[in-house]
Amino acid sequence: MTFRSKAFEIAQGRVSPVLSPPSEKVADLYGSNTFSDQVMKTLLSAEAYTRISNAIRSGSIIDRDVAEEVAAAMKSWAISKGATHYTHWFQPLTGTTAEKHDSFFDLTLDGKAVEKFKGSALVQQEPDASSFPSGGLRATFEARGYTGWDPSSPAFLMDNGAGGKTLCIPSVFISYTGEALDYKAPLLRSLVMLDKAATAVSQYFNRDVDKVTPTLGIEQEYFLVDKALYYARPDLLMTGRTVFGHSPARGQQLDDHYFGSISPRVNAFMVDFEFEALKLGIPVRTRHNEVAPGQYECAPTFEEVNLAVDHNALLMDLMQKVGDRHNFQVLFHEKPFAGINGSGKHNNWSLNTNTGINLLQPTSKPKENLRFLTFLINVVKAVHDHADLLRASICSAGNEHRLGANEAPPSIISVFLGKDLTTMLEELVNKGEITLEKGENFYYKLGISRIPNLQRDNTDRNRTSPFCFTGNKFEYRAVGSSQNSASPMIILNTIVANQLMEFRRDMEERLSAGEEKKVAVVGILKRYFTESKDILFEGNGYSEEWVKMAESRGLSNISATYDALYAYTSDSTIQVFERMGILSARELNARYEIELENYVKKLQIESRVIGDLSLNHIVSTVVKYQFKLAQTARSLTDLEMLEEAAPIREIIRDISSHVVVIKKLVHDMTEARKAANAVEDLYERAKRYGSEVKGYFEQIRYHVDKLELLIDDEDWPLAKYREMLFLE
Ligand code: ADP
Ligand code: MG
10 MTFRSKAFEI
20 AQGRVSPVLS
30 PPSEKVADLY
40 GSNTFSDQVM
50 KTLLSAEAYT
60 RISNAIRSGS
70 IIDRDVAEEV
80 AAAMKSWAIS
90 KGATHYTHWF
100 QPLTGTTAEK
110 HDSFFDLTLD
120 GKAVEKFKGS
130 ALVQQEPDAS
140 SFPSGGLRAT
150 FEARGYTGWD
160 PSSPAFLMDN
170 GAGGKTLCIP
180 SVFISYTGEA
190 LDYKAPLLRS
200 LVMLDKAATA
210 VSQYFNRDVD
220 KVTPTLGIEQ
230 EYFLVDKALY
240 YARPDLLMTG
250 RTVFGHSPAR
260 GQQLDDHYFG
270 SISPRVNAFM
280 VDFEFEALKL
290 GIPVRTRHNE
300 VAPGQYECAP
310 TFEEVNLAVD
320 HNALLMDLMQ
330 KVGDRHNFQV
340 LFHEKPFAGI
350 NGSGKHNNWS
360 LNTNTGINLL
370 QPTSKPKENL
380 RFLTFLINVV
390 KAVHDHADLL
400 RASICSAGNE
410 HRLGANEAPP
420 SIISVFLGKD
430 LTTMLEELVN
440 KGEITLEKGE
450 NFYYKLGISR
460 IPNLQRDNTD
470 RNRTSPFCFT
480 GNKFEYRAVG
490 SSQNSASPMI
500 ILNTIVANQL
510 MEFRRDMEER
520 LSAGEEKKVA
530 VVGILKRYFT
540 ESKDILFEGN
550 GYSEEWVKMA
560 ESRGLSNISA
570 TYDALYAYTS
580 DSTIQVFERM
590 GILSARELNA
600 RYEIELENYV
610 KKLQIESRVI
620 GDLSLNHIVS
630 TVVKYQFKLA
640 QTARSLTDLE
650 MLEEAAPIRE
660 IIRDISSHVV
670 VIKKLVHDMT
680 EARKAANAVE
690 DLYERAKRYG
700 SEVKGYFEQI
710 RYHVDKLELL
720 IDDEDWPLAK
730 YREMLFLE
């Protein structure tokens, strides 16, 4: 019996667990494991509560006394709920979350046991930072890094599984010299700047707006594979994706999985992690099957961006933990299976004012629509001017497999607005200069007295666009499923903040020249629209024609990650990021290096796995099978059944031809890898890996997948696609 057939038997024998949902109502459950506003209100003095609420709202500094009081309240709350440890919970540039648990338990000088958690421990910790990536920001002699409490994201209790809970305190992670080593620090800075810029622009339309909160709703796609089969695939285990595997006879062509009924076993897993998520205050709402077999999606309701990003990182962690209980491995890789849709993380983004207005929501009131158009066109212009940077923010070895694979947005950034909206904007621009007579209706004259009803337009969705307007928000669909969403959000917030500030400067110039406000707004928007409309595209983003059209428009189409990442360090990026105070040139450069380094490491591991599997699993099995065939052929020949022996000889020859090529390719790939490893310059090394080493992957796969069809199914060592994908 092969490892594979044992695994399949185990997987097939699984019984779907019957879950008894916690008896409480969802509303009672929601946030019950978070140190929420409600909890603070009950446990803190009125003064401390007011001070911390203000600090959360305005980002002001929290003083020592308040920190002491909050720490004491957090400690007693956490211990009363079964916590034994606490940790700063942060998001280093490895792309996962990190924690280092400390016990509340301590000893006094005279040896008595006490439970201790001071304000200083809440505010700051010093994890051993030397093994987190820093892109050269930390010299080895100064490996210290600090984590600092982010009070705007509530602390929560994480179940450690085998009993005991840990109080997790969302934190930023910075180096000794104050440089950001994580995603959260620059994200928070970008949110402050965007608030400032968007508030200032909102005030041209509504004087009472004094805060704008960017919002984010993340749709998370993932695959589920049974644990036993997962362990029967060394490539999945080591790289998160299958490097070999022939497509099953039935893939996704029937489209019968999408929104299809959810199997009981999968449903039990979903219900289970959703309850856990709700307890942590993650507002999970929708669940459904995705396009590919074995693929699913989960989408919480949108929240303030910082919270949404934390919640997504936490959710991924949680899904994996709950998955273990259900014997499922959750695959977040962007392209775990060839020939089958990959997974993304759609980032739905908008701007909300403290007065309750969604700034990207069109209405039937003309005056409000001028405000809507202002924000809409400024976003389009920001994306147009910094498309390369936005592209860089979603680059990775994993997403490289997915993007441009004819089933996912291409590597060309474009914006989809929908037909009605585009037509309206074009008319607006074509209207020429407006002169107003006394008493004339400005909006009527402009033709924006009515905006086509965009809400009903749900069918006018373009699934092939990487960045599309969906009625009252933008959806960035090219984000990779395993990525930390902060990376694209830092970029989007920053370029939009920068653009809104430019708009404000343009406005002030016109206003001080005596122009009327509405006329000035329209004048500027027209110019912006004309300057950036090349980025707009309504057609099929997966088509060959679009690639050609984009080229003729001068849009960039950078498919290689190592080249796309360059935008992190371009002059225009550094200028904007330094001006906005989000990341310094040094920090940007560090991020660039970390991403390149990641890219090299991922491909290096994949290449090794491909080499090992080819020789130790595939060729070795195949040779044994060939021996069996050869024996049969010889027996037939001995019996003088030459005609019957002929086809068997042919199979032996076929198999041999593939084996010879595989051996040669693996050898050449290994040599290419060695040569690449010797290249000093990081960019050049990444390029070698991306163009030369990676070039062998598909070639080797081709021959291995052919062998999969030639070898007796009983003997094939790796779990097959049909076994992994259709088992529910
Ligand atoms: P669809 O699947 O059709 O794209 P959904 O209703 O599933 O749409 O919404 C996708 C995501 O967009 C959800 O997480 C939702 O909460 C989020 N979303 C809705 N409105 C906003 C908004 N104003 N800002 C940010 N995200 C939003
Ligand atoms: Mg969507």
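With the working numbering applied, the sequence shown corresponds to residues 10 to 737, in that order. We treat Cβ as the ideally placed atom computed from N, Cα and C, and that holds for glycine.
(1) Tell me the rounded alpha-carbon separation between E230 and D281.
(2) Quick one: complete beta strand (DSSP E) runs, 3+ long, within the segment 311 to 349?
(3) Among residues of its own chain, excluding the 5 on either side of Y730, which ones have a beta-carbon nearer than 6 Å to its beta-carbon?
(4) Hey, how far is the Cα of E377 from the Cα of T362?
(5) Provide the residue span of the alpha helix (DSSP H) that contains M167, from first to last.
(6) Could you tell me which residues DSSP pairs with V234 in its beta bridges?
(7) For the ligand ADP, I want to know if A308 counts as a neighbour, meaning its beta carbon is within less than 6 Å of at least one of the ligand's heavy atoms.
(8) Compute the distance between the beta-carbons of V424 and Q338, then report whether it is under 7 Å.
(9) Hey, out of R296, V252, M510, whose CA is closest to E283's CA?
(10) Return yes when the Cβ of A687 is within less than 7 Å of the Cβ of Y698, no when it is not.
(11) Skipping 5 residues on each side, what residues in its chain have a beta carbon closer than 7 Å to that of S616?
(12) Pairing CB atoms from the segment 316 to 331 with CB atoms from the segment 479 to 497, are three or more of them under 8 Å?
(13) Could you name the residues of the same chain whose beta carbon sits closer than 7 Å to that of F739, not counting the 5 residues immediately before and after it, in chain order?
(14) In this structure, how does DSSP classify V181 when only helix, strand and coil are distinguished?
(15) Please report how far the alpha carbon of A655 lies from the alpha carbon of V275, in whole angstroms.
(16) Let me know the secondary structure DSSP gives N598 once reduced to three states.
(17) Determine the contact status of I657 and T641, defining contact as a CB-CB distance below 7 Å.
(18) Taking the Cβ atom as the reference point for each residue, do A559 and I422 lie within a distance shorter than 7 Å?
(19) Pick out whichever of H393, A130, G172 has its Cα sitting closest to the Cα of E77.
(20) Mapping DSSP to helix, strand and coil, what is I19?
(21) Given 6 Å as the limit, tell me if S352 has its C-beta closer than that to any heavy atom belonging to the ligand ADP.
(22) Check the C-beta distance from P419 over to L426 and give it rounded, since I have them as a contact under 8 Å.
(23) Check N549 in the structure and name its three-state DSSP category.
(24) Can you give me the Cβ contacts of V628 inside the same chain, cut-off strictly under 6 Å, excluding the 5 residues immediately before and after it?
(25) In chain order, what residues of the same chain have a beta carbon less than 7 Å from the beta carbon of L750, not counting five sequence neighbours either side?
(26) Helix or strand or just coil, what does DSSP make of W98?
(27) Counting pairs of beta carbons, one from the segment 447 to 463 and one from the segment 503 to 519, are three or more of them closer than 8 Å?
(28) Measure from the alpha carbon of K610 to the alpha carbon of each residue in K125, T248, Y634, then state which is nearest.
(29) Let me know the alpha helix (DSSP H) ranges lying completely inside the segment 38 to 107, each 4 residues or longer, listed in chain order.
(30) Cα separation between N481 and K174?
(31) Any idea what DSSP makes of D724, helix, strand or coil?
(32) When you compare the segment 138 to 147 with the segment 187 to 202, are there three or more beta-carbon pairs, one atom per stretch, that lie closer than 8 Å?
(33) Among S490, L622, T224, which one has its Cα closest to the Cα of R501?
(34) Quick one: what's L176 bridged to in DSSP?
(35) Could you compute how far the alpha carbon of K84 sits from the alpha carbon of K90?
(36) Using a threshold of 7 Å, state whether the C-beta atoms of M49 and Y58 are closer than that.
According to the data block:
(1) 17 Å
(2) 337 to 340
(3) G254, P257
(4) 13 Å
(5) Note, M167: premise wrong, no alpha helix (DSSP H); beta strand (DSSP E) at 165 to 168.
(6) Q338
(7) yes
(8) no
(9) R296
(10) no
(11) M678, R682, V702
(12) yes
(13) Given that the chain is displayed from residue 10 to residue 737, the structure contains no residue 739 and the question cannot be resolved.
(14) strand
(15) 48 Å
(16) helix
(17) yes
(18) no
(19) A130
(20) helix
(21) no
(22) About 18 Å; that fails the 8 Å criterion.
(23) coil
(24) V668
(25) Not covered by the structure: residue 750. The range shown for the chain is 10 to 737.
(26) strand
(27) no
(28) T248
(29) 46 to 52, 55 to 67, 73 to 89
(30) 40 Å
(31) coil
(32) yes
(33) One point to set straight first is that residue 501 is Leu, not Arg, in the sequence displayed. Comparing Cα positions, the closest option is T224.
(34) Y95, L166
(35) 10 Å
(36) yes
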